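In C-alpha cells, the structure reads:
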C-alpha cells in the first residue's frame, strides 16, 4: 500500500519541512566541512529567516488539514509558527557570542535549536493526539541537551538532569492522559473527537480524567504551580541563552497545544474549570511572592516566568464558554508576544552582564550603577521590567488589559483581582532592579557584543513602540488567528 | 474474554506505581525506570482500547510511544553518565549545586 503525500500536504508544513532539511544538512556540513562554528550559526540563522518568510507566505490562506488529518495549517498555527521562527533567530543571536566566549560553542547547538523550534511549530499545528505527543518530545529532547551544554560544569549538568527527569515524568502523564482521552472518544483525531463529543457519544468521566492528566503534562511544560519545581533550578543552571530561549518559547509551545485542546476540543469538560482557576491563581501568587526573595537574576526571572504563566492561564479558565473562547485565545496570543519580547530582552541583558559562566555578574547587586555607564542598556532593561509589571504604555500593559478583560467577562472577578494584586506585588521586585540600576552607585562590567546589544535594544524599542502605537492593531491581528478545524 | 476495564485498571495501577516511585526513589536510574513504567502503562491502555474499538490507530500510537521512549533513553542515559563522571554518584540527593 502506498500512502499518498500530496504537494498540498507539503505546502501546509513548508516552514517545518524546510527547517528539518536545512538542520539535517547543517548537521552533516558542520561535521565534515565547516571549520568555523560561526558559519554554522549564520547558516542556521539564515534558515530561520527563510522559515519566517515561508510562514508569512502562509498567512491569509484557508485552514488546511494535511497528512491525513495529522496537522493543520490555520491562522492560529501560522501566527505562532512565524513567531517561533523569529524566536529561533533571536535565540541564535543571543547564544552565539555567549557560547564562544565560554568555550562551549559546538555546531550541534544550533542544529538542536532548530529541531527544537520545529517541534514547537508542530505543537501549534496539532490536529491529532499522536502529533501532540511527538511534537512535545521533539521540542523537549533538544532542550534537555541544550540545558546541559556547559558540561562538565556541575550546575549545568544538574539542571539538565532535573529538567530531563521531570520532563520525562510529565510525558508519562501526557501519554496516559492521551490514552484515556482515546478510550473516551475512540479516536485520536481531534476533528473527529469534536464530532464524537458533540454527538454525545463520549465517555465524560474518562474524558475528564484524561484531560486532567494532559493538563498536568502541559502544566509541567508551561511551568505552572504546582508543576513548577524544576523551573528555578533549570533556568539557573542552564547556560543563560538557553534559559532565555526556554522561558520564551517552551511556554509558547505549551500554550499553543493547551489552547487548541481545551478551547476547541474539551469545552465539554467544564468540570476542570475550577482546577484551571486554582492553577492560575496559585501560579500568580507563588511565582510573584517567591520572586521577591531572589537575589540571583536568573532565579528571579524564572519565578517571574511562573507568574506570567499564571496570568495567561487565567484567561484560559474561560475555555468552556463558547463565546469567550476565541477572545481568550486572542488575549493569550497578544500576551505571548509581549511576554516573549520582554523575556528575550531581559535575558539578553543577563547575558551581557554575566562574566564567568554561572558565577559572576548574576546577582542583582551587579546591576548597580548600570545607568551611569550604559544608559541605553539600563533604559532597555527598565522597559522590560515595566512591561513585565504592566505599566502603560508598554506592550505588557495592553497584554494584561486584554487578559483581565476576558477574565472579567467570564465572571471570574476573584481571579482578576488576584491578577491585579499580584501584579502590584511583582512591581516590588521588578522595580528593585530598576532602582539598583538608576539609584545605586556601582561599577558594572558589561560585554561589548553588538549582536546581543542590538537584539536587546530592538526588543525594547518594539515593546515601547508597539505599545504606544500599534497595540490595538496587533490585538486585531491576534483576533484573526482563530482556532479552527477545516 | 477479559473485559477492557480490567486492562484499564491494571494500567492505572501500573501508572500510579510508576508515578509514586518517581516521587519517592532517590536513584536516578530507578526514577527513570519508573518513568518507563508510566509510559508502558499508557501503552497497555492504548492496546486495550484499540482492541475494544477494533481501531488500528491506538496500536499505532504504541509504536510512537516506544520510539519516543527509546529516544528519551538515549538522551537520559547520556546525561546520567555525564553526571556520574562529575559527581561519582547518580543519587538525586547528590544534586545540590542549585539553590535559591
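Chains as they are written, first to last, in the working numbering: chain H, 1 to 486; chain Z, 1 to 100.
We put the beta carbon where it would ideally sit given N, CA and C, even for glycine.
Every value quoted in this text rests on a predicted model; they were computed, and no experiment measured them.
Considering only C-alpha positions, which residue in the set H:108, H:187, H:230 and H:362 is nearest to residue 95 (chain Z)?
H:230
For residue 46 (chain Z), go through chain H and note every residue whose CB falls closer than 7 Å to its CB, in chain order.
179 and 182
What are the boundary residues of the alpha helix (DSSP H) that residue 65 (chain Z) is part of?
56 to 87
Leaving out five residues on either side along the sequence, give the residues of the same chain with a beta carbon under 6 Å from the beta carbon of residue 80 (chain H).
124 and 256
In angstroms, rounded to a whole number, what distance separates the CA positions of residue 363 (chain H) and residue 356 (chain H)?
12 Å
So with CB distances below 8 Å, who are the chain H contacts of residue 7 (chain Z)?
Within 8 Å Cβ-Cβ: nothing; residue 7 (chain Z) doesn't reach chain H, min ~10 Å.
Name the chain H residues that come within less than 8 Å of residue 21 (chain Z), Cβ to Cβ?
Going along chain H, no residue has its Cβ under 8 Å from residue 21 (chain Z), so there is no contact; the nearest lies around 11 Å.
Between H:433, H:15, H:127 and H:459, which lies nearest to residue 85 (chain H) when the distance is taken from Cα to Cα?
H:15
Are the stretch 451 to 461 of chain H and the stretch 367 to 387 of chain H touching by the rule of at least three beta carbon pairs closer than 8 Å?
yes
Assuming residue 436 (chain H) contacts residue 339 (chain H) (C-beta within less than 8 Å), just tell me the rounded distance between them.
Their Cβ separation, rounded to whole angstroms, is 23 Å, which puts residue 436 (chain H) and residue 339 (chain H) out of contact at 8 Å.
Please report how far the alpha carbon of residue 296 (chain H) lies from the alpha carbon of residue 65 (chain H), in whole angstroms.
Each residue's alpha carbon lies about 46 Å from the other.
For residue 234 (chain H), which three-state DSSP category applies?
In the displayed model, residue 234 (chain H) falls within a helix according to three-state DSSP.
Which first and last residues belong to the beta strand (DSSP E) in which residue 72 (chain H) is found?
Here the beta strand (DSSP E) through residue 72 (chain H) covers 71 to 73.
Just to confirm before moving on: does the CB-CB distance between residue 146 (chain H) and residue 242 (chain H) stay below 7 Å?
yes
Give the C-beta separation of residue 44 (chain Z) and residue 10 (chain Z) to the nearest angstrom, bearing in mind that I take them to be a contact with Cβ-Cβ under 8 Å.
7 Å
Chain H beta carbons: is any one of them nearer than 7 Å to that of residue 89 (chain Z)?
Chain H contact via Cβ: absent.
Beta carbon proximity, residue 68 (chain Z) to chain H, threshold 7 Å
yes
According to DSSP, what are the bridge partners of residue 363 (chain H)?
H:296
Option in H:127, H:168 and H:416 with minimal Cα separation from residue 142 (chain H)
H:168
Contact list for the stretch 234 to 265 of chain H against chain Z, Cβ threshold 9 Å
Of all residues in the stretch 234 to 265 of chain H, the ones placed with a Cβ closer than 9 Å to any Cβ belonging to chain Z are 234, 236 and 237, in chain order.
Member of H:11, H:43, H:98 and H:27 whose CA lies at the smallest distance from the CA of residue 452 (chain H)
H:98
Separation of residue 448 (chain H) from residue 262 (chain H), as counted between CA atoms:
Residue 262 (chain H) and residue 448 (chain H) have their alpha carbons spaced roughly 45 Å apart.
Taking contact to mean 3 or more Cβ pairs, one atom from each stretch, closer than 8 Å, check whether the stretch 237 to 254 of chain H and the stretch 313 to 320 of chain H are in contact.
no
Could you tell me whether the Cβ of residue 186 (chain H) comes closer than 7 Å to any Cβ of chain Z?
yes
Cutoff 6 Å; reference residue 202 (chain H); Cβ partners in own chain excluding five residues on either side:
184, 185 and 196
Which of helix, strand or coil DSSP assigns to residue 43 (chain Z):
helix
Straight-line Cα distance separating residue 465 (chain H) from residue 47 (chain Z)
54 Å
Terminal residues of the continuous alpha helix (DSSP H) containing residue 342 (chain H)?
325 to 353
Can the beta-carbon of residue 260 (chain H) be found closer than 7 Å to that of residue 403 (chain H)?
Contact flag unset, no.
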